[in-house]
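Taking this note's numbering as reference, the numbering of the sequence shown is continuous, increasing by one, and the terminal residue is 395. Each residue gets a CB set at the ideal place from its N, CA and C atoms; glycine is no exception. Please read all numbers here as calculations on a predicted model, not as lab measurements.
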Amino acid sequence: MTGRVSWAGALALSLLIGTFPPFALGAFGPQLRDDLGLATADVGLLFAGLYTVAVFGSPLAGPLVDRLGGRRSCLLLLLLSVPALTAASLAGSRGALLLALVPCGAAMAFANPGTIRWATAAPTEDLRNTLVGVAQAGVQAGALAAGGLAAAHVVGLGWRDALRVTAVVAAAGLVVAWRAPDDRRLVSTGTARSAGVAEAALDVPTRRARSVQRALAGYAACMGAGTSVVIAYLPSFGVDAVGLSIGVAGATAALYGAVALVCRSVLGPVLRRTGGADHRALLVMSGGAIAAVLVVAAGAWSPPAVWIGTVLFGATGTTWPAVAFLLVAIHSPVADAGRTAAWVTAAFYTGMWLAPPLAGRLVATGGYPRAWGLVGLAYLAAVVPALRVRRQVRA
């Protein structure tokens, strides 16, 4: 039991730390603008720099994860994050901050492949689904942490202090991961079982499974594009268009992170009952995210709408990876889990790489409504690959 607890904790901390930087850039955006003299569009450029490393690193990380094993990969990403977050907290300019975040981009490339590879080594289907769910909850916990730390600005905790706190958490994650079970010792029994689970859970041949994986990659790219813009600019929108203070605007990130954690806990039992194969949830997530961004945009005229839209975004725009990456795990035998997750992650990060700079230009030239329009189009486009997943699973 102790080994399983440390295993689950290590997975959650790995994804929390691995995915924390983009949440931090968005939540701390107003503070960064004040402290470093950045323009609104510069926040999008920081996102692009971070995701450049993650996008091109993910396909390379996949085979390396399969070779090293999930536990070693998670140890590596945590080891990269500790000095990187510390260095970022000392940055005095946009260029210095971007340079310090380069190792964080590499850590992001390992986050999903490493945790999926480690979780799919579980000897039973129930444990695998539980571990994937706990790991994905780490993403929402990262959003909650970023928002909470940003909101702490009202009591004098700045973005530099927040990054140092996160570096300490990453160091603690190293200790937990070191004590957790090594998936390479479980592969001999886990490979056959997980491969059998992948076939039995959806009863599809390998060719169809590959088709589902490609569709999931397309879905991840579209949803990632929309989600990244909201993460990057929601707090800044709160300050610029709604009139919120920097601390209160940062609390929007904490709110959607908290909502996502609650939704994750409710969604978990449903996914376990269906073996994670409830592909209809993908359509619900994309439709709900469209509604969320429309309500957020209305906040420029009615400030309470920002909070309502933020709740909807937490329930959909930041919860969908829990469904998508569990489907990836189900379709992936242990030996290929890292490689498969890496390609879906690369698609996800590609959307997150391209959208924020474009949205920043739209904000600079036409205001926030154009950026929210871009988000809505990205979420609408995600419906197409979601329907393809549905067709392949039901065939």
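Quiz item: On the three-state DSSP scale, how would you describe residue 124?
Solution: coil
Self-check item: Any 3 or more C-beta pairs closer than 8 Å across the region 213-232 and the region 8-16
Solution: no
Quiz item: Just how far apart, CA to CA, sit residue 136 and residue 256?
Solution: 15 Å
Self-check item: Residue from 371, 351 and 352 whose Cα sits closest to the Cα of residue 398
Solution: Here the chain has residues from 1 to 395 only, and residue 398 is not among them.
Quiz item: Run through DSSP, which three-state label would residue 204 get?
Solution: Reliability of the predicted coordinates at residue 204 is poor, the pLDDT of 43 falling under 50, and no value is obtained from them.
Quiz item: Hey, residue 92 and residue 153: beta-carbon distance below 8 Å or not?
Solution: no
Quiz prompt | 7 Å Cβ shell around residue 446 - same chain, five flanking residues per side excluded | solution = Since the first and last residues shown for the chain are 1 and 395, residue 446 lies out of range.
Quiz item: How many angstroms separate the CA atom of residue 252 from the CA atom of residue 147?
Solution: 7 Å
Quiz item: Under the rule that 16 or more other beta-carbon atoms within 10 Å means buried, what is residue 301, buried or exposed?
Solution: exposed
Quiz prompt | Straight-line gap, residue 375 to residue 55 (C-alpha atoms, nearest Å) | solution = 20 Å
Exercise. Compare the Cα-Cα distances from residue 164 to each of 88, 220 and 232 and report the closest residue.
Key: 88
Practice problem: Kindly indicate which residue of 328, 343 and 348 has the alpha-carbon position closest to the one of residue 129. | Solution: 328
Exercise. Could you name the residues of the same chain whose beta carbon sits closer than 6 Å to that of residue 258, not counting the 5 residues immediately before and after it, in chain order?
Key: 144
Quiz item: Just how far apart, CA to CA, sit residue 352 and residue 319?
Solution: 16 Å
Quiz prompt | Cα-Cα separation, residue 160 to residue 124 | solution = 42 Å
Exercise. Measuring alpha carbon to alpha carbon, tell me which of 8, 232, 139 and 345 ends up nearest residue 31.
Key: 232
Quiz item: So, helix, strand or coil for residue 87, using DSSP?
Solution: helix
Practice problem: Could you tell me whether the Cβ of residue 147 comes closer than 8 Å to any Cβ of chain D? | Solution: Here there is only one protein chain, and chain D is not present.
Quiz item: What three-state label does DSSP hand residue 145 in the structure shown?
Solution: helix
Quiz prompt | Secondary structure, beta strand (DSSP E): runs of 3+ residues fully inside the region 152-185 | solution = none
Quiz item: So residue 115 is in the alpha helix (DSSP H); what residue range does that whole segment cover?
Solution: 102-119
Quiz prompt | Selected residue, minimal CA-CA separation from residue 134, among 215, 41 and 267 | solution = 267
Quiz prompt | Alpha carbon of residue 237 to alpha carbon of residue 368, nearest angstrom | solution = 7 Å
Self-check item: Top-ranked residue by Cα proximity to residue 291, from 140, 309, 215 and 303
Solution: 309
Quiz item: Would you say residue 10 and residue 173 are within 8 Å of each other, going by their C-beta atoms?
Solution: yes
Quiz item: Apart from the five residues just before and just after residue 59, which ones in its own chain have a Cβ nearer than 7 Å to its Cβ?
Solution: 342, 343 and 346
Practice problem: Assign residue 302 to one of three DSSP states: helix, strand, or coil. | Solution: coil
Quiz item: Alpha carbon to alpha carbon, what distance is there between residue 156 and residue 306?
Solution: 25 Å
Quiz item: Going along the chain, which residues of its own chain have a beta-carbon closer than 7 Å to the beta-carbon of residue 364, five neighbours each way excluded?
Solution: 40 and 41
Exercise. In the DSSP assignment, find the alpha helix (DSSP H) that holds residue 325 and state where it starts and stops.
Key: 320-330
Quiz item: If you run the structure through DSSP and keep just helix, strand and coil, what is residue 37?
Solution: coil
Self-check item: residue 291 - containing alpha helix (DSSP H), residue span
Solution: 280-297
Quiz prompt | Counted within 10 angstroms of its Cβ, other Cβ atoms place residue 265 as buried (16 or more) or exposed | solution = exposed
Quiz item: Less than 7 Å between the CB of residue 366 and some heavy atom of the ligand SAM, yes or no?
Solution: In terms of ligand content, the structure shown is empty, and the ligand SAM therefore cannot be addressed.
Exercise. Decide if residue 356 is buried, meaning its Cβ has at least 16 other Cβ atoms within 10 Å, or exposed.
Key: buried
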